[in-house]
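Trainee: Dropping the structure in here first, questions after.
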Amino acid sequence: MVHAWGVSVSSAQENAANIQHTLSAELILAAHELVANDQIKLEVEPEVTSVTFTLAPTLHVESIAMQTHSVSGGQGNQDEVVPFTSGYSSEATVQHVVVSLPKEHGRRVTLVMSYRGQINDPPREPRHLRFVTPSETAGYIGLDGVYLSGESQWYPDVIGSFSTYRVTAQIPQGWTVVASGSKESETTNSGKTSSTWIVQNQSEAFTLVANRFVTTSREWKSPTGQRVELQTHFLPDNAGLADEYLDATARYLDVYVRILGNYPFDKFAVVENFFASGLGLPSFTLLGSGSIRRHYVQPYALGHEIVHSWIGNSVFNRDNHGNWVEGMTTYLANYYWHEVVKDVSQAFEQRRMMLDGYNLYVRPETDYAVSQFLRKHDEKDNAIGYHKSAFVFHLLRQEIGDEPFWRGLKTFVSGYRNHPADWRSIEEVFSREGGQDLRWFFEQWVEQPGAPLVSLRDVRARHVKGEGGRETWRLTVQIDQAGKPFRMAIPVRIVMKESTDIKPIELNLSQASVTEFVLPDQPLRVELDPELMTFRRLTRRQLPPMLNGYVTDLQKTVVLAFSDPASPLQQIVSRIADHEQTGPHKTTVVSLKDNSLPHDGSILILAGADDRQAVQSVVQESCGDRIALGEKGFEIDGQAYDGPKMAVLFSCHRANVPGSVITVLYGVTSGAVEKISRFLFYYGWHSYVIFQDGAVTKRALWQDSTDVKEVRIDATP
Ligand SMILES: [Zn+2]
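Residues in the sequence shown are numbered consecutively from 613, following the numbering used here.
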C-alpha cells in the first residue's frame, strides 16, 4: 500500500480546518507501546474527497470509521467504515494516511481512527563541548520515562494545522502524566491511572510526558487577579528542590505579566526529564535531571522557558518564515531581566557576550541574515539566531523609544495570541506603534547579514568665544564606516576637563560622517560606544583575549606541559579528540618539552606545577608581567592566590600573531583541575578565571573593545 506523494497532501492542508481531537491512549511501558483511539472532528469543503494525516511509521492503523450524525436527531450516531491507504516517505520517517471520504458528506466530518504500535527512539546523548543540547529523540515510551511530542507523530495530524485536544492517557499506577493544557480529571482503577487533559486554544501540537514524579504545587496570583497553578514534577532525588523552582517561577511571572500581559495558560509546571533537555512547551518546561540538580533557575534558563509561554507557545513562529521567537525570548529573558532588577553590570555583560559571541563565532564570509535562521545546530546559529536577533530588539527599542517599544510588544503578543507571526508581523506592529516606517530597519538588520565596521577617525576641537563672551569649545568627530555602510545612531562618550557627557551620532549610508558639538568645557578624549549599545563587527584583536578566541581559531594547538600521566588535564585532550572526530578542523597536540610553539594560530597550554617555569617563559612575550606562576600558587596582576586547590585559566593576545590567543590552564596540583577539566569550555568568556577547588572565585577581562581617541586641539584662528 505504498502511496505516491503529490497533490493530496497540499489539498488536505488547504481544506481541513477547526480540527478537534478526542484521543484516548494507553501506554504500555515495557513494550514501548501505545494503543490509541482518536476521534477527529474537522471541517472540509463538500467537494473534498480525501484527507491526509501524518503518523509515525511504526504505528499501525487498525481501522478508520466515519461517524454520521443522524439528521433527525435522537437516534445516536452511526459508524461507517471508510477506506484508507498508508504511504511512507522515502526515508520512512513519516507515514501518510489518506482517508477517502464518501461522495456525499457534510462540511463537518468526524473520523475515528484506531491504531497501535511502538514509539521507541531511545534518547542519544548530546555530544557537544560547550553547551547542553537536547538529546536527540523523536519520542520514547519506556520504563525510564515517556516523552511524546509533535515530532513523535503519536496521533494523526494534518500538516500545518492547528487543533484543540481532549486527551485521556492511561498509565501504570505510581506514574504521573504531565501534558499540554489543563488536567480535567484523574482516576485510578485496578493498577492503572487515567487522566484527561484539555487544550481549548488552537495549538500546533500536544505534548505528553510521564514518569514516577513527586509533585508539588502552589497558587500564584497576578496583580490583575489572574490565578495560575505553579507545579513541579521531579524525580525523588531532586524533589527537595521544589521550593526553589516554585519561588523562581513566581518571581518571573510577577515581572513578565507586566511586560507581556496575562499569562496564557492555567498552569506552569517545571518537569524533570529523563534525558538532557531545555524545552519550553505550552504550560510547562521540560528540563533534564542534570540541569535541575544544578539549580537551573537563572534568567537564561528557567526565565527563558517561562518567557516562551508567551513567545512561541502563545504567539507561534510561522513555519519556514525564519525564527524570530528565540531572539525575542533571549532579549526579554537572558538580557532584559538584568535591566528589570537594575543590575547594570550584568546587563552590560550580557550585551558584551552577545557581541563577542557574534564576532567570534560568525566569520564575515560565513555570516547569514537573521531572517534566515530557523533553528540552532551550532554556535554560529546561536550567535545569529539568538544573540544578534536579540540585539535587533535592543536596537529597535532605541530606535522607536522605550514607551512605544513596550506598548508595541504588548500589542503584538495580544494581537497574535494563538496565531503564527513572522518578522513582517513584528515590523508592521512596531512601525504602527512607533509611528514610523521601519522598512529600512528590518531590511538592514534582519534581512541582510553583517554588522557595521565603525571606527573613530578624527577627533579635534577648538576654543571659541561664544555669545555674550562665554567660552565654548567646538568638537568635531569623524566616524568612518569600512565595508557596507549602515544607517544607525551610535553613542559617543565625551570626556571633558570638568565633566562627561554621552551624545548620539547619526551615521548615514556613507563611508564617513562628521558631527560637530558645542561644549561648555575642554574635551579631552572621545570614546566610541563604551556601553556597547550598538551592534558592530569587531576584529578579533579588538575583542578581549579569552578561551573562546582559542576555540574559534581555525588553527589550534594544544600544548601539554605536565608530567603526571594521571593528571585530569589528560581528559581535556581526550574530550577534544572525541569531539573532533566529525569536524573538519583538527587540533594539533604537542608536548612543551619537545617543541617550540607553532608560529600560527591559537594555543591552549595545559600546565602542571612541574612545568611552570617553562610555561612562564613561553607566555612572557604575550602576557608580559600580568602573570607569575609559582610552586605554591600564582600571581595575577600583582595579586597572589596561594594554595594546593588553586587553579587559573588565562588568555592573552599572541604577540605577533594578530587575531590569535594563547590560553593557559594551570593547576597548583592535579586535584585543583579535576572539576575544571570536565567543564573547561564553559569558562570561555573571560580573560582570566580563578578557581578554588573547581569553583570560580573571580573572573575578569583584560581589555575592553572601546575605540578611544584623544582630542587634538586646533589653534584658534
Ligand atoms: Zn528558547
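Cβ coordinates follow ideal geometry from the N, Cα and C atoms, glycine included.
Need the endpoints of the beta strand (DSSP E) that Y1295 sits in, please.
Mentor: Counting along the chain, Y1295 falls outside any beta strand (DSSP E), and DSSP gives it neither H nor E.
Trainee: Nearest CA to the CA of L820: which residue from L858, V758 and N801?
Mentor: Residue V758 is the option with its Cα nearest to L820.
Trainee: Can you grab the Cα-Cα spacing for the pair V1323 / L1140, in whole Å?
Mentor: Computed Cα separation, rounded: 13 Å.
Trainee: Would you say D878 reaches chain B, if we count a Cβ-Cβ gap shorter than 8 Å as a contact?
Mentor: No chain B appears in the structure shown, which is made up of a single protein chain.
Trainee: Is it right to say V1025 is buried, meaning 16 or more other beta carbons lie within 10 angstroms of its own, or is it exposed?
Mentor: By the neighbour-count rule (16 or more Cβ atoms within 10 Å), V1025 is buried.
Trainee: For W809, which three-state DSSP category applies?
Mentor: In this structure, W809 counts as strand in the three-state DSSP scheme.
Trainee: Assuming contact is defined by CB atoms lying nearer than 8 Å, are W1388 and V840 in contact in what I supplied?
Mentor: The structure shown has nothing for residue 1388, since the chain only spans 613 to 1329.
Trainee: What I want to know is whether the C-beta of T941 ends up closer than 7 Å to one or more non-hydrogen atoms of ligand 1.
Mentor: Yes - ligand 1 has a heavy atom lying nearer than 7 Å to the Cβ of T941.
Trainee: Roughly how many angstroms lie between the CA atoms of G943 and F1005, to the nearest whole one?
Mentor: The identity of residue 943 in the sequence shown is Tyr, whereas the question assumes Gly. Distance between the alpha carbons of Y943 and F1005: 7 Å.
Trainee: Could you tell me which uninterrupted alpha helix (DSSP H) segments, each at least 4 residues in length, are contained entirely in the stretch 1217 to 1285, listed from first to last along the chain?
Mentor: Here the runs fully enclosed are 1224 to 1235.
Trainee: Opposite W949 in the DSSP bridges: which residues?
Mentor: In the DSSP output, where bridge partners are listed per residue, W949 has none listed.
Trainee: By the 10 Å Cβ neighbour count, where 16 or more other Cβ atoms means buried, how is T941 classified, buried or exposed?
Mentor: By the 10 Å Cβ count, T941 comes out buried.
Trainee: The alpha helix (DSSP H) spanning D1190 covers which residue range?
Mentor: Looking at the DSSP string, the run of the alpha helix (DSSP H) that includes D1190 is L1181 to H1191.
Trainee: Would you call the CB atoms of T1088 and V1130 closer than 8 Å?
Mentor: No, these two residues do not count as a Cβ contact at 8 Å.
Trainee: Could you check where the beta strand (DSSP E) with L853 kicks off and where it finishes?
Mentor: Per DSSP, L853 belongs to no beta strand (DSSP E) and is neither H nor E.
Trainee: Over what stretch of residues does the alpha helix (DSSP H) that includes S1175 continue unbroken?
Mentor: Neither: S1175 is in no alpha helix (DSSP H) and is coded neither H nor E.
Trainee: Taking 7 Å as the cut-off, is the C-beta of H1336 nearer than that to any heavy atom in ligand 1?
Mentor: Given that the chain is displayed from residue 613 to residue 1329, the structure contains no residue 1336 and the question cannot be resolved.
Trainee: Here's a check: name, in chain order, each residue in its chain whose Cβ is nearer than 7 Å to the Cβ of M1100, leaving out the five neighbours to either side.
Mentor: These residues qualify, in order along the chain: P1064, L1119 and T1146.
Trainee: With DSSP collapsed to three states, give me the class of I1117.
Mentor: Strand at I1117.
Trainee: Whole angstroms are fine: how far does the CA of M1108 sit from the CA of T745?
Mentor: Here the model assigns T745 a pLDDT of 49, short of 50, so the residue's position is not dependable and the matter cannot be decided.
Trainee: Whole angstroms is fine: what's the gap from L1007's alpha carbon to T836's?
Mentor: One C-alpha to the other measures close to 31 Å.
Trainee: At a cut-off of 7 Å, is E816 close to ligand 1 when judged by its beta-carbon and the heavy atoms of the ligand?
Mentor: No, ligand 1 has no heavy atom inside 7 Å of this Cβ.
Trainee: Using DSSP's beta-bridge definition, name the partner residues of A637.
Mentor: Per DSSP, A648 and A781.
Trainee: Roughly how many angstroms separate the alpha carbons of K1000 and G1062, rounded to a whole number?
Mentor: Near 10 Å, if we compare the C-alpha coordinates of G1062 and K1000.
Trainee: Mind checking whether the beta-carbon of E938 lies closer than 7 Å to any heavy atom of ligand 1?
Mentor: Under cutoff, so the answer is yes.
Trainee: Within the chosen definition, does the stretch 791 to 802 reach the stretch 646 to 655 through at least 3 CB pairs nearer than 8 Å?
Mentor: Contact fails: fewer than three Cβ-Cβ distances are below 8 Å.
Trainee: When burial is assigned at 16 or more other CB atoms within 10 Å of the CB, is Q1056 buried or exposed?
Mentor: It counts as buried.
Trainee: Name the two residues that bound the continuous beta strand (DSSP E) containing M965.
Mentor: Looking at the DSSP string, M965 is not in any beta strand (DSSP E); the run it does join, the alpha helix (DSSP H), is V956 to Y973.
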